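Here the protein sequences come in this chain order: B and R.
When the letters of the first sequence are read in order and numbered with the working numbering, they come out as residues 1 to 254.
When the letters of the second sequence are read in order and numbered with the working numbering, they come out as residues 255 to 563.
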Amino acid sequence: MTGPMVKAEQVHKWFGRTEVLKGIDLEVAPREVMCIVGPSGSGKSTFLRCINHLEQIDSGRLSVDGELVGYREHGGKLYEMRDKEVATQRRDIGMVFQQFNLFPHMTAIQNIMEAPIRAKGENKTVVRDRAQALLDRVGLGERGKAYPSQLSGGQQQRVAIARALCMQPKLMLFDEPTSALDPELVGEVLDVMRQLALDGMTMIVVTHEMGFAREVGDSLVFMDDGVVVEAGLPREVLVNPQHTRTKAFLSKVL
Amino acid sequence: MSIDTAPQAGTSARPDPIKAVPVRHPGRWVAVGVIAVLVAMFVNSLFTNPNWDWGFQLSNAFSAPVLRGVWVTIWLTIAAMVMGVLLGIVLSIMRLSPNPVLSSAAWLYIWVFRGTPVLVQLVIWAQLGSLYRNISLGVPFGPAWFSFETRNLIPNVGAALLGLGLNEAAYMSEIIRAGILSVDEGQSEAASALSLSRMQTLRRIVLPQAMRVVVPPTGNETISMLKTTSLVAYVPYYELFFQTQAIGSRTFQVFPMLITASLWYLAMTSVLMVGQYYIERYYARGSVRTLPLTPIQRLRVRLTKAELR
């Protein structure tokens, strides 16, 4: 079966009385790299956080690999999932944050090994080998024993990517992964992400890096004010935007 | 136009330092003089005033009853702190729980135990028998399976432990709660996104980071606890203060024994302060790039430098 990896149907989300997602319809195919762009406050990060249930949606349907996020469906009725079931669902979904959120009291390799050992109960030596391989892959094979405070922002974010990958997810979510980085460090993180895309990982990337979106993205979504304004092939959306809001946004960032 | 900022080879000698007359501080010298005179007067009195009775102090400071008192003080401190920290962790997690019943129960506990003097609590535990003569285990409001006389169930040492430990738990829970709240929310989010459970997140990610905020005040609490154990003399139970007072009143040498007790407390709190330094250093790892040297390491560096000279 090759259904969509992520499917959102009329997803709504309120924070108090403000509606931040106003009916999102999206589909992400396996191995697809989807980039989501849009002004701040457009709801793109919130939508991303809904996909792994860091935020709960208020209405609509959201599923990952054919499974509803956060709910079980039984005879046409929805049952809220227990924390444990939500955790099991999250095993398949890796997430990379804007602020890296590495665990500062653990070394780089401990950061990477923590979840596979604790959450999946995997064998320590197996995980250690995989973690080291991932560190090599993100170009930090020598820095496994360094604490996050001893690494540059770009290095920290690469460790964070390796940490998410060590859970062997089917889907990777990137929440503005380069926005907190000094300009000269952005490239090294994008390189790792580009390589990951080439390896066939399904990725959803909330970003301001239009160059990355054009080169690496299979699809581009422009969100504004809680709705998907425009979606399509990156080149087409970027070169020939159809909506005035897209045009206005692109004229500011390009 | 060419700007050349890189120092050229061979010409990188340091420029001459500024030569200037430093600011004088006459006030400091006056203060030093005054303090020196006061210290000299006090030290002189130590030797000339016979009421200090150093010989008597020395002959009693290491006597068996005093040493037993020291031992009781030490283990009471440790036991009460362990109880306080463990119960404090539970209370702080209850306080932060989304369940309103749990969080208000913790709030109520903290309100009562922080709001009453620990001396009063200690005496209440010791006198609990006059409130509830018997304590029974059985069906609530129904028949009892076991029944104990309160006096036997809570001996004086038990009252001392309960009084100190339960009171400490209230303070520790607030310290731990502040520590937990000080950890960035992104940490728990990252842990959840990595599929770690709530308890794993708390134990492996949040609490270790909270420790940096929790350890310094806990050290203070431990030092404070060591001194607070002296209140146990009124339970009564034979800790250090009780023992020195007993000797003092038996021999009519009350004052020298107060000094003996003070010196013992001072010695023990000094040891704790050193311990606290190293524990704080341990939990600082990962948050500072290079740990500062310990005093012993600094001494070693200085000695090796001296050797090289």
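The beta-carbon is built from N, C-alpha and C at its ideal position, and this holds for glycine as well.
Note that the coordinates shown come from a computational prediction; the quantities given were computed from them, not determined experimentally.
Would you mind reading off the limits of the beta strand (DSSP E) that contains Ile328 (chain R)?
Taken as a continuous stretch (DSSP letters only), Ile328 (chain R) belongs to no beta strand (DSSP E), being part of the alpha helix (DSSP H) at Ala318 to Arg349.
Should Val469 (chain R) and Glu534 (chain R) be called a contact, given that it needs their Cβ atoms to be closer than 7 Å?
yes
What is the DSSP secondary structure of Asn388 (chain R), counted as helix, strand or coil?
strand
What does the alpha-carbon distance come out to for the pair Ile289 (chain R) and Ala274 (chain R)?
31 Å
Please confirm if Arg99 (chain B) has its CB atom under 7 Å from at least one CB of chain R.
Note on identity: in this sequence residue 99 (chain B) is Gln, with Arg being the wrong assignment. Chain R contact via Cβ: present.
Nearest neighbour of Leu461 (chain R), chosen from B:His105, B:Lys77 and B:Asp83 [CA to CA]:
B:His105
By Cβ distance, which residues of its chain are closer than 7 Å to Val86 (chain B), with the 5 residues on each side in sequence left out?
His53 and Gly70
Would you grab the beta carbon distance between Gly226 (chain B) and Glu27 (chain B) for me? Rounded to a whole angstrom, and I think it's under 8 Å.
Not really, about 18 Å apart at Cβ, beyond 8 Å.
Report the neighbours of Leu135 (chain B) on chain R: residues whose CB is nearer than 8 Å to its CB, in chain order.
Result: empty, since nearest Cβ-Cβ is about 17 Å, beyond 8 Å.
Nonlocal neighbours in the same chain, by C-beta distance under 6 Å from Phe212 (chain B), ignoring five residues either side:
Leu190
Listed from N- to C-terminal order along the chain, which residues in the region 110–124 of chain B have their beta-carbon within a distance smaller than 8 Å of any beta-carbon of chain R?
Glu114, Ala115, Arg118, Ala119 and Lys120
Can you tell me which of the three DSSP states Lys7 (chain B) falls into?
strand
Would the region 301–321 of chain R and the region 488–503 of chain R be scored as touching if the rule is three or more Cβ pairs under 8 Å?
yes
Does any residue of chain R have a CB that is nearer than 7 Å to the CB of Asp83 (chain B)?
yes
Does any CB atom of chain R fall closer than 7 Å to the CB of Ala87 (chain B)?
yes
Are any of the Cβ atoms in chain B nearer than 7 Å to that of Arg457 (chain R)?
no
In the DSSP assignment, the alpha helix (DSSP H) including Tyr488 (chain R) goes from what residue to what residue?
Per DSSP, Tyr488 (chain R) belongs to no alpha helix (DSSP H) and is neither H nor E.
For the alpha helix (DSSP H) containing Arg61 (chain B), name the first residue and the last one.
First-last for Arg61 (chain B): Ser59 to Val64, but that is the beta strand (DSSP E), not the alpha helix (DSSP H).
Report yes or no: is there a C-beta of chain B within less than 7 Å of the C-beta of Leu448 (chain R)?
yes
Can you tell me which of the three DSSP states Ala29 (chain B) falls into?
coil
Which ranges does the alpha helix (DSSP H) cover as unbroken runs of at least 4 residues, wholly within the region 447–532 of chain R, from first to last along the chain?
461–482 and 494–505
Pro462 (chain R) versus chain B: which residues are under 7 Å apart at the beta carbon?
His105
Please list the partners that Leu54 (chain B) has in chain R, where partner means a Cβ-to-Cβ separation under 8 Å.
Glu443, Ser446 and Ala447
Closest by C-alpha distance to Pro490 (chain R), when choosing among R:Leu356, R:Ile408 and R:Ser427:
R:Ile408
Counting only beta-carbon atoms, is Met172 (chain B) nearer than 7 Å to chain R?
no
Residues of chain B with CB under 8 Å from Arg452 (chain R), in chain order?
Asp83
Gly440 (chain R) CB to nearest chain B CB: under 7 Å?
yes
Buried or exposed by the 16-neighbour rule on C-beta atoms within 10 Å, applied to Phe400 (chain R):
exposed
So, are the CB atoms of Ala162 (chain B) and Leu135 (chain B) less than 7 Å apart?
yes
Below 8 Å on the Cβ atoms is my contact criterion, and I expect Ser357 (chain R) with Arg368 (chain R) to pass it. Report the Cβ-Cβ distance as a whole number of Å.
That pair is no contact at about 16 Å.
Where DSSP assigns a beta bridge to Leu171 (chain B), which residues make up the other side?
B:Ile93 and B:Thr202
In terms of residue numbering, what span does the alpha helix (DSSP H) encompassing Phe310 (chain R) cover?
Trp308 to Ala315
So which residues of chain R does Arg91 (chain B) contact, with C-beta pairs closer than 7 Å?
Ser449
Which class does Thr244 (chain B) belong to by DSSP, given the choice of helix, strand or coil?
helix
Would Met95 (chain B) count as contacting chain R if we go by Cβ distances under 7 Å?
yes
Look up Arg268 (chain R) in the DSSP assignment and give the residues it is bridged to.
Paired residue(s): none; Arg268 (chain R) is not in a bridge.
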